[in-house]
Structures are given as C-alpha cells and as structure tokens.
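Numbering (our numbering), first residue to last: 562 to 1027. Working notes, structure below.
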C-alpha cells in the first residue's frame, strides 16, 4: 500500500505514476470497460450518459452528482440472472440502495440482500417481497431481528452464538420460525485489501470451520423447532478477480456440509457462495463476466460434491459491486489547478474538484485506484499526469491518485470519475458539513433524481441547538 497512517504527505513520493499507467495518445479517448455502457462523447466533445449531456445535467442538478445509467444497471442485473440460472441471485444492497434501485432489482428477477434495519426499511418501502430478502450483519440488534421475523424475510444469516440465542427467544415471542443460514469463515485469504477480505480467521465475521464453531452452530439450530436451517453461507471478500479463493472456500465449506450430513443426519438444502466479484476501476483491471464466473463456480461445486458423495445443494451468489459499480460515474467541477514543486526538480499537478472523500472515501480508506476524464469538452492539449483531489481539510483527500488528463484542464471544467456506483454514496458522509450529492438516473435522454441533494436544512435537522 502507498497510503500512510499519518496521511498522504508521508507516503512515498512517486511522480511517474504506477507502472501500468501509460500516457495516452489522445486523452479524450475513453477506456470503455470503465464507463457506463451508454457513455459517449456528445457534440462538442462533452460526455453523455444515457443520452444525457453531462453539461446539461450539471447545469440542472449541480455538482458533485452521481450519474446512474439505468440501462447499464438493468443489463448487468439481467446478465447475472441469466448466467446463474438455477441459482438464487441476491443483489447486495450495501453497495448502493435506494427504493428505485430496489424496484429495479425486483423487476430484473433478483432477490435482495440487506445488512441493517435501515436497508431493510428501504427494501420493504420499495415493495420488495420479504421472502426474497436476505438479512446479513455480524451484530444485528434485537429490534432488527424482530422486524425481520415479523416481516417474513426469507433468510437471516446468523453470525454468532449470541445471535442464535436472540433469535430463539424472538421466535418464541413472535410465534415465527426463523429461517437461517450459518455464516462460516473458511480460513481463505482472498487476494484483495485486508479491510475487504472477509473469510480469513482473524476478523469479525462468521463462525470458524476449523475451530468447530460452525459445526456447533449447525447443531444448535438443526434440532431446534424455532429454526428452519437452510444451509451454510461463505463470503471470502470483495473486489476479487479469480475463482481460486472460491475454490478453496467451497472445498472447506462443502466438507462441513458433508460432515453435517454424516454426523447429524441433516441434509442442508442450500449453500451461499457470497459475492465480491471485481470490476474494472482502471486499465489494469480485467474482471470476469457473469457467464464465466457461473461456469467456473458451478464446476467447482459439482466437483467437490462428487468427491464428497453429497448432492449439490441449491446455490446462491450475492453480486453488488459487479452490478452497480460500473453503472455509475461521479461528475465534479474543477475549482483550482496547481503545480506543486517537489524534490529534485519534480512536480505534481493537483486538480481540485468540488467533492472529495465525503462522496468517495475509498481512495483514502482502501488506497483504491480510480480513473478520470475531462467531461465538459474535447481538448487538443497534450496529456499531463495529474492527481484529482477534493476540497476537504485533509491531505489524504484524494479521489484519483494518478491519471493523465489534458494539460489545459482549468477551473470551471467538468471531470467525471467512473466506477463509483458501489460504496461511494453508501459510505458518503457530511465531513466538513458538506452536503451529500444527488443520485441522478439517466435513460433515453431523460434525467431523473432518485436521491435528491441534501440541503442545509437537512444538515441542521438533527442539530437540536440550531
């Protein structure tokens, strides 16, 4: 990692950019895999998404603004449904969720995964069939669990013995049977950032297979009439590009599945392989498509089941980022451009925009890489290696660490950052009392606000002294 706990000023200085980043012949050309599928350069060279000129969108809705391509989102959701035919496909709402998106998910034939009472509220408000909702979380409250039971959610993914006890009590109180899956940790080190790797042993999620915790959780729920045990759940992390980690996890989880059958006489009907499928944030990323993922995951499970002599359970996956991530970009206005002199005659070009870590924390939090493009016009200027930064009072307020932008980018220009559909709005904040941007859905030349921009009245609504 290039990040430093004391801030970006303390990180290693590199003014040449990463090895994979090459100076483009034409900085106006877009690398299509990074952008929403309907993205084009309109007349005059401005970017358009969903047939909407981003200059016009900025004039009407302001900046920063998240731009969500409805056609792209629906197309990716449908691609997962088709590729994983015979599976249950749950859209992971934590990536990005609002009532409009929840309705799109249902209309495209997907189920919905939530991990808090707030996400459950959005799902139910959108009219989602409760039976097609899965409820995650490592520390679900009694209130959240009661509401899930009373709403009739299709499955609750239990994460601890404490939660099993809570659910047992609530099942008695409500007269409901709790449909549960056991979240297990398979001891797999996914090839991703440690903060988003979730199946190794030393982290907060799940019950360990190797320590016998997962088997004990199955034993406690399998013979208790207050529970309907559906199966096992494994999630190895996020932004994963190959299936090797899934293969190791599936082998260990299915071994537990077979052990349960042999020792407890319980045939678990389902197995959830989780999500975490990666997307392209930069030119170096080459993610698999849903069809390829489905073929490889199915082969892995079928091979392990044959080896263990058990029937293949009903499978489910939970794509979130892989659906919404590429379907959104964020639009900013440039405020300042400055050259900062560094050691040995080197310099760095800083392009400051009107958003920042409050609308995309991932670069500061995960050292994530992003790309960017001039969105308001075409430029004839040569490309210059630049760093796109926000307006927050933090040296680490970086949106795009390294990108070649036209050398004449100036205040008033629009810059767009692709791949911001997942976790950017979801993790948004009011740091420095900035207002969270709107989410504007675009399709067939029409722009529709699905989450409005916050106002100062919103900001002060919880301030009891105001």
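Yeah, the Cβ is synthetic: ideal placement off N, Cα and C, and Gly gets one too.
Which one of the options has the shortest CA to CA distance from residue i?
i, options, result
"residue 801", "847, 891 and 829", "847"
"residue 736", "788, 864 and 691", "788"
"residue 964", "954, 970, 949 and 647", "949"
"residue 637", "594, 771 and 688", "594"
"residue 591", "908, 981 and 606", "606"
"residue 622", "1011, 1018, 1025 and 951", "1011"
"residue 862", "883, 831, 885 and 892", "831"
"residue 635", "885, 983, 579 and 769", "885"
"residue 995", "786, 1018, 1002 and 584", "1018"
"residue 940", "581, 578, 577 and 587", "587"
"residue 958", "807, 693, 763 and 927", "927"
"residue 874", "695, 828, 1007 and 784", "828"
"residue 1004", "980, 676 and 600", "600"
"residue 703", "725, 580 and 914", "725"
"residue 681", "700, 657 and 708", "708"
"residue 850", "882, 929, 767 and 611", "882"
"residue 581", "923, 842 and 694", "842"
"residue 953", "967, 809, 763 and 913", "913"
"residue 765", "797, 668 and 731", "797"
Taking only three categories from DSSP, how would you classify residue i?
i, result
"residue 792", "strand"
"residue 723", "helix"
"residue 970", "coil"
"residue 890", "strand"
"residue 601", "strand"
"residue 871", "coil"
"residue 830", "coil"
"residue 771", "coil"
"residue 940", "coil"
"residue 1004", "strand"
"residue 614", "strand"
"residue 609", "strand"
"residue 582", "coil"
"residue 987", "coil"
"residue 752", "Note that residue 752 scores 49 on pLDDT, short of 50, meaning its location in the model is unreliable; the coordinates nonetheless yield the value given after this. In the structure shown, residue 752 sits in coil (DSSP, three-state: anything other than H, G, I, E or B)."
"residue 740", "strand"
"residue 757", "Any answer about residue 757 is weak, because its pLDDT of 37 lies below 50 and its placement is not dependable; what the coordinates show is given next. Helix, per DSSP."
"residue 571", "For residue 571, the predicted model reports a pLDDT of 45, less than 50, meaning its position is unreliable and no value from the coordinates is stated."
Going by DSSP, what residue range makes up the alpha helix (DSSP H) through residue i?
i, result
"residue 908", "Counting along the chain, residue 908 falls outside any alpha helix (DSSP H), though it belongs to the beta strand (DSSP E) covering 908-914."
"residue 822", "805-825"
"residue 1029", "Past the edges of the chain, shown from 562 to 1027, lies residue 1029, and the structure says nothing about it."
"residue 843", "No alpha helix (DSSP H) contains residue 843, which DSSP labels as neither H nor E."
"residue 1015", "Run containing residue 1015: none; DSSP gives neither H nor E here."
"residue 1030", "Absent from the structure is residue 1030, since the part of the chain shown begins at 562 and ends at 1027."
"residue 927", "923-927"
"residue 704", "703-712"
"residue 685", "678-686"
Would you say the beta carbon of residue i is closer than 7 Å to some non-hydrogen atom of the ligand ATP?
i, result
"residue 857", "As for the ligand ATP, it is missing from this structure, which has no ligand bound."
Can you pull the DSSP bridge partners for residue i?
i, result
"residue 694", "673"
"residue 899", "911"
"residue 745", "768 and 795"
"residue 657", "Beta-bridge pairing links residue 657 to no other residue."
"residue 716", "695"
"residue 947", "910 and 964"
"residue 877", "649 and 833"
"residue 801", "838"
"residue 934", "977"
If you follow the beta strand (DSSP E) that residue i is in, where does it begin and where does it stop?
i, result
"residue 977", "975-979"
"residue 1012", "1007-1012"
"residue 627", "626-630"
"residue 648", "No beta strand (DSSP E) holds residue 648; DSSP gives it neither H nor E."
contact_flag[the stretch 975-982, the stretch 606-617] where n(CB pairs < 8 Å) is 3 or more: Counting Cβ pairs under 8 Å, three or more are found: they touch.
For the 8 Å Cβ check, are there 3 or more pairs between the stretch 810-818 and the stretch 868-876? Between the stretch 810-818 and the stretch 868-876, the count of C-beta pairs closer than 8 Å reaches three or more; the two stretches touch.
Does the pairing of the stretch 741-748 with the stretch 709-720 give three or more beta-carbon distances under 8 Å? Touching, per the Cβ criterion.
When the Cβ atoms of the stretch 877-895 are set against those of the stretch 835-849, are three or more pairs found closer than 8 Å? The answer is yes - the stretch 835-849 touches the stretch 877-895, with three or more Cβ pairs under 8 Å.
How do the stretch 915-924 and the stretch 700-715 stand: do at least 3 beta-carbon pairs fall below 8 Å, yes or no? By the Cβ criterion, the stretch 915-924 is not in contact with the stretch 700-715, since fewer than three pairs of Cβ atoms, one from each stretch, lie closer than 8 Å.
Could you tell me whether the stretch 658-666 touches the stretch 678-691, where touching means 3 or more Cβ pairs closer than 8 Å? Verdict: yes, contact present.
Taking 8 Å as the threshold, find out whether the stretch 636-651 comes into contact with the stretch 670-677 through three or more Cβ pairs. Yes, the stretch 636-651 touches the stretch 670-677.
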